[in-house]
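Q: In this note's numbering, the protein residues as written are 936 to 1085.
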């Protein structure tokens, strides 16, 4: 999805603005949206298709460990959630795992939120500035490249 991922430093949060309301509407089904959580970062999900649309939400720890990040090879695509649980509008679901680490590369602006070893992962850009790392069907990382606002 084309748009702008923004990180507002005064509010410690991400927001996503689609370039076209029409393109966003085309991706939304009739059952509403929910989100999956990594700490306080939210990944917006269309309930009907179970497609992850974009990242947003309060996330104060973007500076985590400052380091040089090697941006992985990225393919543009779509990612859907497979779950036995029914999704409900407005009810968020936490992604399992408690060892998410945050790294930030000030020179490139990339932020990586990773769980464990991600060397075998495939990386899919689902929206402008939002890349998901998937390994054996599991979400193992989120790479964000926002525009920074104060």
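Heads up, the beta-carbon is just placed ideally off N, CA and C, and yes, glycines get one too.
Evaluate residue 1068 with the Cβ neighbour count: other Cβ atoms within 10 Å of its Cβ, from every protein chain shown; 16 or more gives buried, anything less gives exposed.
A: Buried: at least 16 other Cβ atoms inside 10 Å.
Q: To the nearest angstrom, how far is the alpha carbon of residue 936 from that of residue 1078?
A: Roughly 15 Å between the two C-alpha positions.
Q: How would you label residue 992, buried or exposed, when you count the other beta carbons within 10 angstroms and need 16 or more for buried?
A: Flag for residue 992 reads buried.
Q: So residue 981 and residue 962 are in contact, right, with Cβ under 8 Å, and what is the actual spacing, rounded?
A: Right, their Cβ atoms sit about 6 Å apart.
Q: Distance check for residue 974 and residue 1066, CA to CA, integer angstroms please.
A: Computed Cα separation, rounded: 17 Å.
Q: When you compare the stretch 1045-1060 with the stretch 1000-1011, are there three or more beta-carbon pairs, one atom per stretch, that lie closer than 8 Å?
A: Enough Cβ pairs lie closer than 8 Å, so yes.
Q: Report all residues from its chain with a CB closer than 6 Å to the CB of residue 977; omit the five preceding and five following residues, and keep chain order.
A: The residues are 970, 991, 992.
Q: Do residue 944 and residue 1083 have their CB atoms nearer than 8 Å?
A: Yes.
Q: Using the Cα positions of residue 1014 and residue 964, report the straight-line distance between them to the nearest angstrom.
A: The straight-line gap from Cα to Cα measures roughly 15 Å.
Q: DSSP three-state call for residue 1032: helix, strand or coil?
A: Correct three-state label for residue 1032: coil.
Q: May I ask you to report which of helix, strand or coil DSSP gives residue 961?
A: Residue 961: helix per DSSP, three-state reduction.
Q: Could you name the residues of the same chain whose beta carbon sits closer than 6 Å to that of residue 1034, not counting the 5 residues immediately before and after it, in chain order?
A: Excluding positions up to five away in sequence, the list reads 1050.
Q: Is residue 951 near residue 1062, with beta carbons less than 8 Å apart?
A: Cβ distance < 8 Å, so residue 951 and residue 1062 count as in contact.
Q: On the CB-based measure, 16 or more other CB atoms within 10 Å of its CB, does residue 1064 come out buried or exposed?
A: Looking at its Cβ environment, which holds 16 or more other Cβ atoms inside 10 Å, residue 1064 is buried.
Q: Measuring CA to CA, which of 996, 984, 946, 938 is closest to residue 958?
A: The option with the nearest alpha carbon to residue 958 is 938.
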